[in-house]
Structures are given as structure tokens and as C-alpha cells.
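See below for the structure under consideration.
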Amino acid sequence: MAQLKVGIIGCGEVSQINHLPSLDFLNDLFKVIAISDVSNQVLEGVGKKWNITKRFLDYHDLLNDSEVDAVLITTPHVYHCEQTLAALEAGKHVLVEKPMAMHLEDADKIIEMQKRTGLTVQVGYMRRYATAFEEAVKRVKELDKVMLARVHDVIGRNALLIGPSSKVIRGNDVSQTLIAEGNALAKQKILKAIAEKAEDLSLAYNILLGLSTHDISAMRELLGMPKGVLYAAARAGGLYISAAFDYGDFICQFETGIDDIPRFDCLLEVYGQTQALRVEYNTPYVRNLATRLELTTATPDSGLHKEILQPAFEDNFTREWQRFYHNVTTGTQPKTNPEDYRQDLELFMQIMEKL
Ligand SMILES: NC(=O)c1ccc[n+]([C@@H]2O[C@H](COP(=O)([O-])OP(=O)(O)OC[C@H]3O[C@@H](n4cnc5c(N)ncnc54)[C@H](O)[C@@H]3O)[C@@H](O)[C@H]2O)c1
């Protein structure tokens, strides 16, 4: 099998803790040959640690490298759209971290460019590549009738989970001008997305883009696209959000928030009349923790049968890269492609309308 040569744009937390180890684990399929970061300290530190010699402060130089087949985009949200478009323009396949784009117009630019180039664009929804989740997608179709669903994601701040478990190379050498430009661009994109609500609800929108995007995209794969949002409310300045999605015959309750308890309380539940299923995720920042599927079934003797499927101590980022390799080398459309991502943005806009 031919190895894909990968370039990474943005070498912070998720690159160092998750993507680089997964790509190394899959070194029969991938080789990281180039990296880019606007922090020279991060660039040099990560380059030395992982023995990557091509190091670029400007990502355009990485994209001009003809040896690079595919790029991973792991910069802050605000740069994802422009960097994805530039990568496609340069003829590279792309795995872009969520959120792919901050508003619909940017999402549409990527959709159009992906179609025009025919290159692979896969959005980094690694939870949707977990074996237990994919098993749940099969099993949900076997339920007699869905009566209720629940999507729950209340987690401790990232730093509480990362601090004791990983050593991340960080930089304090990014120019204030660049930081200010990034902040101004983010403000502009949020304003374009939610207009007058940007004043009070930027945090809520950022939570949707940064965290809920995982939950809501998994909900869509499990249950399909809802008919609409019945209700939504935010508290604590937007840090906590509750919503109810209308599926016609049933409702899916959604709740999320970030607190100071170092744990990951994240699940999807679907209740049928005689069987319920539940997918439980653990933090991605400690690698290879299992994603579990629990099935609770009524038995004919008025009892119940509980089954826990824990297919493997696999890493969901590794799974997403395996699928990326397959998609690129066979020309298969990723299930987490730009059009799929757009549906999450559509639902975020409906939630924001209710807030
Ligand atoms: N799939 C997941 O579960 C998951 C987990 C964490 C983060 N993420 C996503 O990954 C992205 C990065 O998150 P992170 O936590 O690693 O952030 P981070 O701040 O730790 O890292 C971002 C890196 O990008 C660099 N950077 C900024 N602008 C750049 C540019 N123009 N060119 C090159 N490098 C640039 C920064 O210097 C920094 O090193 C975010 O969009 C986030 O939503 C996804």
C-alpha cells in the first residue's frame, strides 16, 4: 500500500496529543513529512520531537511542497475555511478539524471547491468513526419504534483533563498583531453567522461550533435530520445550552455544558418500546479509552437483558485516519464530508434563532 505523505497545519494540543500519535500508529499508511505553525517554538519543538524536517511558519509554503499529498488542518476555528480552500487549490486532500466553517457561506465555498477539484475533504468528527457508535447506527434501525432520544455532553474544562495526562509543547512567541487579526476575523465571522445576537451569545455559538458539533452530527447519523428545533435556552452566558429537537414521532433532548469537574460525561441514548441503547464516550485526550455501546432489552419473562459492547480499546482518531486513507485511495466520499457538516450549521442557526 502506498504511504500518503501528510502535512500538518497547526501543531497545538490536538495535533500533539491525538493526531501525531495516531498517524505514527498507522505508519504503514501515513508519513508526516511537513508541519506549519505560526509559533516558531511550537514548530521547532514538535519538529524535533517527531523528527519532521520540513517546518514552515507560513502554511502556504507547506501547500507549495509537491511531496505533500494530504493536509491536516488543526489551527483555531477561524482559519479552517481559508486554509481548506487554499489546500484544495494546491491539489491536496484535506482532513479538517471541526468546525469546518463558522458560517454557511464559508461552508458553501468549501462544498463548491470540493466538487470542482474532486479531492477528499473529511471533517474531523472522530466520534462518528468509533466502532461502538457505528454498531449503534446499525442497531438503532432494529428498534421497534423510537419513543425518545437524549444527547448529553457535560465535560470538565480541557485543561483539567490534559494537564495531568499530557505534555504539550506550547509557544509564547506569536506576534500580538497576528493574535489581534485572528480575534477580529473570528468576531467578523460570528457577526456574519448570528448578526445582532453576537453581542450576548457569542459564547453559546462558540460552544455549538466547538463541542456540540460532535454531539449534533452524531445525533444526525444515528437518527437522521430532525424536522426542527422545538425549544432552546442558554444559561451562564452561553456555557450551558439545552434544546429539544423535533423528530415528529419523538423528541430528542439535548444538553451541554463545561464545568470544573475533571471527567467526561458524554452519551447518546435512544429509547424504543422494548429496547434502549446508549453510546458512552470518554475523553479523547487520553488515547485508546473505549467507546461503549450498552443495550437494555426487555425479555419475554418480564425481565431485562443488559449487554455491553466494547469492541476495542481503539482510538477514534486512529479510526478516522484509517477511513481517510480508504476514502482518498478509493475516491469514496467521506460520511463526514462538507455537505454533511453544513447540516450541523443549519441546526446551529435554528438553535440560535430560539435563544
Ligand atoms: N476532534 C476533537 O475532538 C478536537 C479536540 C480538540 C481540538 N479540536 C479542534 O482542533 C483545532 C485546534 O485545536 P487545539 O486545541 O489543538 O488548539 P491549539 O490552540 O492548542 O493549537 C492551534 C495551533 O495552531 C497554530 N496556528 C494558529 N494560526 C495558525 C496559522 N495561520 N498557521 C499555522 N498554525 C497556526 C497555533 O500556534 C497553535 O499551535 C480547533 O479547531 C479545535 O476545535 C478538535
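The numbering of the sequence shown is our numbering, which starts it at 815 and goes up by one.
Yeah, the Cβ is synthetic: ideal placement off N, Cα and C, and Gly gets one too.
{"Query": "Is the number of C-beta pairs between the region 920-939 and the region 1142-1157 that are closer than 8 Å three or more?", "Result": "yes"}
{"Query": "Compute the distance between the beta-carbons of residue 968 and residue 886, then report whether it is under 8 Å.", "Result": "no"}
{"Query": "For residue 1004, is the beta carbon positioned less than 7 Å from some heavy atom of ligand 1?", "Result": "no"}
{"Query": "Classify residue 1057 as helix, strand or coil using the three-state DSSP reduction.", "Result": "strand"}
{"Query": "Can you give the beta carbon distance from residue 874 to residue 939, rounded, assuming they're within the 8 Å contact cut?", "Result": "Not really, about 27 Å apart at Cβ, beyond 8 Å."}
{"Query": "How big is the Cα-Cα spacing for residue 1084 and residue 835?", "Result": "33 Å"}
{"Query": "Helix or strand or just coil, what does DSSP make of residue 1109?", "Result": "strand"}
{"Query": "Assuming the contact rule is C-beta atoms closer than 8 Å, residue 848 and residue 868 should be a hit. Round their C-beta distance to whole Å, please.", "Result": "4 Å"}
{"Query": "What residues are listed by DSSP as bridge partners for residue 1079?", "Result": "968"}
{"Query": "Since residue 907 sits in a beta bridge, which residues does DSSP pair it with?", "Result": "884"}
{"Query": "Count the C-beta pairs between the region 852-860 and the region 983-998 that are closer than 8 Å, then say yes if the count reaches three, no if not.", "Result": "yes"}
{"Query": "If you compare alpha carbons, which of 1152, 1099 and 888 is closest to residue 917?", "Result": "1152"}
{"Query": "DSSP puts residue 823 in a beta bridge; with which residues?", "Result": "850 and 887"}
{"Query": "May I have the straight-line CA-CA distance separating residue 1045 from residue 1055, to the nearest angstrom?", "Result": "11 Å"}
{"Query": "How would you write the range of the beta strand (DSSP E) that residue 1140 sits in, first residue to last?", "Result": "Unbroken run through residue 1140 is the alpha helix (DSSP H), 1130-1144; no beta strand (DSSP E)."}
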